[in-house]
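Colleague: The structure follows.
In the working numbering, the protein residues as written are 818 to 1011.
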């Protein structure tokens, strides 16, 4: 319980709307430009990196509800946002100083997590085909004779590796660009002090 209280400091609570706005903006840009990416978790990853998994989870839930009003598909993937916050928030506890190693570890962990979670949700809720670029790739693979599960996993992996790589790089760059005086006010902010 103490950890939960520490995570929700005044500073981290005030940063939640900013992180939600970053998620919303990324999602809007990706959907407007019809990119084969989502870019809807940059704020969740960013806030999880500096404030921990609880604050990141709240950010993910608020984001899914807010973007779900424009795209109801997002509501089904709400658990994925929470998983992203939990994975990133817990990995940030590892005080890896080499930023390249940290980024690679975060990309691998997040890609594996989201591919598994997204595949399960896509198969259970959408019968393998979501109404986005990933669904188009999956349906194409199915038409080419590949099995449904393989097609969804392959399409999801291609999409997620690109999306999560870009998401993590942007989120880490945001954290690294923040002032040291500001970073120190967050539970894990010292990990990003220059």
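Note that CB positions come from ideal geometry on N, CA and C, so glycine has one too.
1. Roughly how many angstroms lie between the CA atoms of residue 985 and residue 920, to the nearest whole one?
2. Closest to residue 888 by CA distance: which of 857, 864, 902 and 825 is it?
3. Shortest alpha-carbon distance to residue 914 belongs to which of 891, 989 and 865?
4. Starting from the C-beta of residue 872, find all residues in its chain whose C-beta is less than 6 Å away, skip the five residues before and the five after it, and write them out in chain order.
5. Please go through the same chain and pick out, in chain order, the residues whose beta-carbon is closer than 7 Å to the beta-carbon of residue 861, but skip the five residues on each side of it.
6. Look up residue 909 in the DSSP assignment and say whether it is helix, strand or coil.
7. Among 997, 855 and 1004, which residue has its Cα nearest to the Cα of residue 947?
8. Between the Cα of residue 964 and the Cα atoms of 940, 991, 975 and 866, which residue gives the shortest distance?
9. Check the C-beta distance from residue 928 over to residue 977 and give it rounded, since I have them as a contact under 8 Å.
10. In whole angstroms, give me the CA-to-CA distance for residue 966 and residue 930.
11. In the structure shown, what three-state DSSP assignment does residue 892 receive?
12. So what's residue 863 in DSSP terms, helix, strand or just coil?
13. Candidates 971, 950, 987 and 831: which alpha carbon is nearest residue 850's?
14. Going by CA-CA distance only, name the one from 844, 827 and 1010 that's closest to residue 890.
15. Check for me: the alpha helix (DSSP H) holding residue 993 runs from which residue to which?
16. Hey, how far is the Cα of residue 826 from the Cα of residue 833?
17. Is residue 838 helix, strand or coil when you go by DSSP?
18. Pop quiz: residue 955 and residue 972 are said to be a contact at Cβ under 8 Å. What is the actual Cβ separation, rounded to whole angstroms?
19. Given a cut-off of 7 Å, decide if residue 853 and residue 906 are closer than it, judged by their beta-carbon atoms.
20. By a C-beta neighbour count over all protein chains shown, 10 Å radius and 16 as the cutoff for buried, is residue 884 buried or exposed?
Modeller: Quick answer:
1. Position 168 of the chain shown, counted from the first residue, corresponds to residue 985. Position 103 of the chain shown, counted from the first residue, corresponds to residue 920. Each residue's Cα considered, the two are about 7 Å apart.
2. Residue mapping note: residue 888 aligns to position 71 of the chain shown, counting from 1. That would be 857, whose Cα lies nearest to the Cα of residue 888.
3. Translated into positions along the chain shown, residue 914 becomes position 97. Nearest of 891, 989 and 865 to residue 914, Cα basis: 989.
4. Against the chain shown, residue 872 aligns to sequence position 55. Cβ neighbours of residue 872 beyond the five flanking positions: 824, 829 and 864.
5. Translated into positions along the chain shown, residue 861 becomes position 44. Once the five neighbours on either side are set aside, the close Cβ partners of residue 861 are 836, 840, 873, 876, 877, 880, 898, 901 and 902.
6. In the chain shown, residue 909 corresponds to position 92, counting from 1. Correct three-state label for residue 909: coil.
7. Against the chain shown, residue 947 aligns to sequence position 130. Minimum Cα distance to residue 947 is reached at 855.
8. As a working note, residue 964 is residue 147 in the chain shown. Of 940, 991, 975 and 866, the residue nearest in Cα terms is 940.
9. In the chain shown, counting from the first residue as 1, residue 928 sits at position 111. In the chain shown, counting from the first residue as 1, residue 977 sits at position 160. Between residue 977 and residue 928 the Cβ distance is about 5 Å, and since that is below 8 Å, they are a contact.
10. Numbered from its first residue, the chain shown carries residue 966 at position 149. Numbered from its first residue, the chain shown carries residue 930 at position 113. Computed Cα separation, rounded: 16 Å.
11. As a first step, residue 892 is located in the chain shown; it is residue number 75 there, counting from the start. Three-state DSSP puts residue 892 in a helix.
12. Your numbering for residue 863 matches position 46 in the chain shown. DSSP places residue 863 in helix when its eight states are reduced to three.
13. Position 33 of the chain shown, counted from the start, is the residue given in the question as residue 850. If we check each option's Cα against that of residue 850, 950 comes out closest.
14. What you label residue 890 is simply residue 73 of the chain shown in a count that begins at 1. Looking at the Cα atoms, 844 is the closest of the given residues.
15. On the chain shown, residue 993 is found 176 positions in, with the first residue counted as 1. That run of the alpha helix (DSSP H) goes 965-994.
16. Taking the first residue of the chain shown as position 1, residue 826 is located at position 9. Taking the first residue of the chain shown as position 1, residue 833 is located at position 16. If you take the alpha carbons of residue 826 and residue 833, they lie about 11 Å apart.
17. The count along the chain shown starts at 1 and reaches residue 838 at position 21. Looking at residue 838 - three-state DSSP - the assignment turns out to be helix.
18. For this step, residue 955 is matched to residue 138 along the chain shown. For this step, residue 972 is matched to residue 155 along the chain shown. At roughly 4 Å, the Cβ-Cβ gap stays under 8 Å, so residue 955 and residue 972 are in contact.
19. Stepping through the chain shown from its first residue, residue 906 is reached at position 89. Stepping through the chain shown from its first residue, residue 853 is reached at position 36. No, these two residues do not count as a Cβ contact at 7 Å.
20. Mapped onto the chain shown, residue 884 falls at position 67. Classification of residue 884: buried, given that the 10 Å Cβ count is 16 or more.
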